[in-house]
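Quick notes on the structure that follows.
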Amino acid sequence: MPDKAPRLFHRLRSSFDCPNSPSVASLNALLHALVENGRFSAAESLLGEASSLGVHPNSVSYNIILKGACLNQGWRGAMRVFDEMLQRKVSPSVVTYNTLIGFLCKSGDLEKAMEVKRAMGRGCQTR
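Counting along the sequence shown from 1, when you hit position 3 you're at -15 in the numbering used here, and nothing is skipped either side.
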């Protein structure tokens, strides 16, 4: 399914007769549906190809993938997504930090949760 996600993205656009290129809102809707239906690798693949499809992922896009990484890959996967988000100059939001800190606390990694909290103080976007 990962390789089918970009095609599905374009099919959705043409099915609804949308003359514009795909939007970040439609990307996020598809990412959410994929993650919620256990298709995390397809969601990750779609996120990776989004720019080539003419859509630039935002913090909502990454928050969706972050949630999926927490559920499917543990803290290492979650931190990888967070690092990628920062590398791509997408500002983390309160939701980003809340997701990470909540997951790390539930996993029992309070030290890493405190690390994320400190990072939050250095540059969290509030919306």
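Yeah, the Cβ is synthetic: ideal placement off N, Cα and C, and Gly gets one too.
If you're wondering where the values come from, they're calculated on a predicted model, not measured in any experiment.
Item                                                                                                                                                                                       : Value
Counting C-beta neighbours from all protein chains within 10 Å, is the total for E93 16 or more, i.e. buried, or is it exposed?                                                            : exposed
Which term fits E18, buried or exposed, when burial requires 16 or more other beta carbons within 10 angstroms of its beta carbon?                                                         : exposed
With D65 as the anchor, note down where its alpha helix (DSSP H) starts and where it stops.                                                                                                : S41 to Q69
What's the C-alpha gap between V128 and I47?                                                                                                                                               : Summary: the structure shown does not reach residue 128, with the chain confined to residues -17 through 109, and so no result is reported for it.
Return helix, strand or coil for H38, following the three-state DSSP convention.                                                                                                           : coil
Going straight from the alpha carbon of Q69 to that of G103, what length do you get?                                                                                                       : 18 Å
N80: which of R58, C52 and R21 sits nearest, CA to CA?                                                                                                                                     : C52
Please go through the same chain and pick out, in chain order, the residues whose beta-carbon is closer than 6 Å to the beta-carbon of C87, but skip the five residues on each side of it. : A95
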